[in-house]
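First up is the structure itself, then whatever we jot down about it.
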Amino acid sequence: MQTVLSIAIDALAYGMVLFVISIGLSVTMGLMRVVNLAHGAFAMIGGYIASYAARDLGLAYGFAILLAIFGTIAIAVPIERLLYRRIYGAPELTQVLMTIGITFCIIGIANYVFGPTLKTVPLPSELQGSVDLGFRAIATHRIFAILCGLAVAAGLWYAIEKTAFGVKLRASVDNAAMAAALGVRTEIVYAVSFAVAVGLAAFGGVVGAELLPVEPYYALRYMVTFLVVVSVGGAGSIPGALIACLLLGAIDTTGRYLMPEFGEFFFYLAVIAIICIYPRGLAGRAKG
Amino acid sequence: MTMTTTNDMIAASPVRRRFGGGDLIGLGIILLVALIGYFLFPNNLALLTRIIAVALLVLSLDLVTGYCGVATLGHAALFGAGAYAAGIASAHYGINDPLAMLAFGIVAGAAAGLVCGVVILRAHGLPQLVLSIALIHLFHEFANKASSWTGGSDGLSGIAPTALLGLYEFDLWGRTAYVFGVALLAIVFVLLRLIVRSPFGMLCRGIKEDPIRIRSMGASPKIALTKMYVISGAVAGVGGALNAITTQVVGLDSLSFTMSAESLVMLVLGGTGSLFGALTGTVVFMFFEDVVSAANPFHWLTMVGALLIAVVLFAPRGIYGTVASFVTRRREAK
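Protein chains in written order, with our numbering: chain A, 1 to 288; chain B, 1001 to 1334.
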């Protein structure tokens, strides 16, 4: 029983971190139809900035997170302007090559600037201990990660379903040309969503630094996981991404607990099985 | 996928011969370059042989990506399957004849091609890409865990090929290995040239352009692409087996994601949808890698990334495609 519970908590925390990082990817992929392999790299940049701010500059955790989010957006927006603009609507192979090129560059530069070692983001004392739920103690950081995930999901749901910007966003996702003809400034919608997506990636990279340690090959190592979440969930779908994250988090964590030798093996096997059964994703629409 | 090259133009012209004069010239160029390489780098034949093995992988990737339009980041699975099959045949079963090891590599590569093809072709777009990445990781994990067979992360050693045809020993200088590699590359090149010009090759190219139309014509895109995947697997298997025979060791890196991504980079650098493009890209990339990583291994990844971005932005048809279209334009201007 104890094992089941700790697996469940870890799986939930891991799934939520995955969700925070990959929901931005899912939205941009659904909106701009760009296969963005560099998304993990932005999460990694966020982790590095937070680590630098908290460890070397001694800033508070909250400031470090804010700095990471805005710093990453400041780095990503010029990249979007200069490079991503040119591959909107291009064939998939072109997009894959461009974004994998960006990923390689970021890895190389991170390796050069920060060195190949693992970087940690020191947690404030409030998040370090554990919370006693009466029958069991749970690490506070796990609860924090889960709450962050829920807050992001709720916030995004509200922004997309209830606000004027959300209406424009959904219109652009469904039919960009028609939305533009009706007076929606699609390029502004694109730029804002890209910035939000990158910011969320950075946020997830910092919050999840305990679970997904920050190192130069982060971008490559977890790239697959984030892409898997999007393709399993179906691009552009928040509930789909949430279900996919929880499912994949559960499979991965259970595998690691029960069969540490073969954890990854079962993860990839499950991914192949899910995609073969639902080629358009769990919540994907007919024309994904 | 709209990366058309002059190959399509050649194919569209009313040349009926399966193997024309241009191909003979191409074959001649390959052999000439191989000969020049032999005399220019007599102390570095191991690198040249490695280039040939990787060139076979890139050719095989070109078959599915360039000719069929399947985007995959997991093609090293086929290469690694060939390499491990040839290695295991020698290290565990004592089958040391190079040609028999090669046969094992081809069969294993084709089998891996069948498995990958059946799985990857189930989806399109992003899910297809993810499937290919998941497959290469699955193969990698499998080889890592089955360490009693594959040697795990230490690599498979104990491969001891006997003399080629019973006459030519694999010498310390790598001369036999190099000649063996060049011969294999020439044979594979001629065969592939025939295949991509055949009605079957045309069918595959048609599927890349418009699968729905091909289906309404009465052909099955899926069966054709699966066949192409098996052929591609056999070619990659030749490359893997060549690598196993000549280096006498098989490492996990031959089944890695990096290998898959790099082979895609080489293909795009040279130009997709043409066999010469695949060869050009491999040679340029591997030499570049050898020079840069010898000078500064730290910046190698950054350089590859910058190179990729530059190719996508400025030469989307690759080196060979750009040069070939330039030449055609010059000819038309006259």
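Ideal Cβ placement from N, Cα and C applies to all residues, glycine included.
In the DSSP assignment, Val1292(B) falls within the unbroken alpha helix (DSSP H) covering 1275-1295. Proximity of Val1130(B) to chain A, defined by a Cβ-Cβ separation below 8 angstroms, is satisfied. In this chain, the beta strand (DSSP E) harbouring Asp132(A) covers 130-132. The bridge partners DSSP lists for Leu1156(B) are Val1250(B).
Where Ile1095(B) is concerned, there is no enclosing beta strand (DSSP E), because DSSP gives it neither an H nor an E.
Take Ile1207(B), set aside five residues on each side of it, and the residues of its chain with a beta-carbon closer than 7 angstroms to its own are Cys1068, Ile1214, Pro1221, Ala1224, Leu1225, in chain order. Rounded to whole angstroms, the gap between the alpha carbons of Ala1053(B) and Asn1296(B) is 24 angstroms.
Under the 8 angstroms criterion on CB atoms, Pro1127(B) is classed as interfacial with respect to chain A. Per DSSP, reduced to three states, the secondary structure at Ala139(A) is strand. In this structure, Ile1231(B) sits near Leu1063(B), with a CB-CB distance shorter than 8 angstroms. Classified as buried, Ser1274(B) has 16 or more neighbouring CB atoms from the shown chains inside 10 Å of its CB. Contact with chain B is absent for Thr254(A), since none of that chain's Cβ atoms lies less than 8 angstroms from the residue's Cβ.
Assigned with DSSP and collapsed to three states, Val192(A) falls in helix. Glu92(A): member of the alpha helix (DSSP H) spanning 92-114, first to last residue.
Around the C-beta of Asp1171(B), fewer than 16 other C-beta atoms lie within 10 Å, and the residue is accordingly described as exposed.
At a cut-off of 8 angstroms, the C-beta of Val1115(B) has no neighbouring C-beta in chain A.
Annotation for Thr1150(B): Tyr1084, Ala1143, Leu1156 place their beta carbon closer than 7 angstroms to its own, counting only its chain and skipping 5 residues before and after. Taking CB atoms only, Val1284(B) has no neighbour in chain A less than 8 angstroms away. Ile87(A) has its alpha-carbon roughly 9 angstroms from the corresponding atom of Leu1313(B).
Short of 6 angstroms from the beta carbon of Val152(A), and not among the five residues preceding or following it, lie these beta carbons of its own chain, in chain order: Val20.
Close to chain B, meaning a Cβ-Cβ distance shorter than 8 angstroms, are the following residues of the region 256-275 of chain A: Glu261, Phe262, Glu264, Phe265, Tyr268, Leu269, Val271, Ile272, Ile275. Contact annotation, Val232(A) with Leu282(A): C-beta distance approximately 6 angstroms; criterion of less than 8 angstroms satisfied. With respect to the 8 angstroms criterion, Ala171(A) and Val192(A) are not classified as neighbours on the basis of their beta carbons. Bounds of any alpha helix (DSSP H) do not take in Thr1272(B), whose DSSP letter is neither H nor E. A residue is called buried once 16 or more other Cβ atoms fall within 10 Å of its Cβ, and Ser26(A) is buried on that count.
When beta bridges are read from the DSSP output, Lys162(A) appears opposite no residue. Taking Thr1072(B) as reference, the option from Asp1210(B), Cys1116(B), Ala1278(B) with the minimal CA-CA separation is Cys1116(B). From the beta-carbon of Ser125(A), no residue of chain B is found nearer than 7 angstroms; the closest lies around 38 angstroms away. Counting along the chain, the unbroken alpha helix (DSSP H) around Asn1144(B) starts and ends at 1126-1145. Taking C-beta separations shorter than 6 angstroms and ignoring five residues to either side along the sequence, the partners of Val1182(B) in its chain run Ala1034, following chain order. In chain order, Gly1155, Leu1156, Ser1157, Ile1159 place their CB closer than 7 angstroms to the CB of Val1249(B), counting only its own chain and leaving out the 5 sequence neighbours on each side. Among the CB atoms of chain B, none fall inside 8 angstroms of the CB of Glu210(A). Pro91, Glu92, Leu93, Thr94, Val96, Leu97, Met98, Ile100, Gly101, Ile102, Thr103, Phe104, Cys105, Ile106, Ile107, Gly108, Ile109, Asn111, Tyr112: these are the residues of the region 91-118 of chain A whose beta carbon lies less than 8 angstroms from some beta carbon of chain B, given in chain order. Between Ala1081(B) and Gly1270(B), the gap from beta carbon to beta carbon reaches 8 angstroms or more. Secondary structure of Val214(A) (DSSP, three-state): strand. In the displayed model, Lys119(A) falls within a strand according to three-state DSSP.
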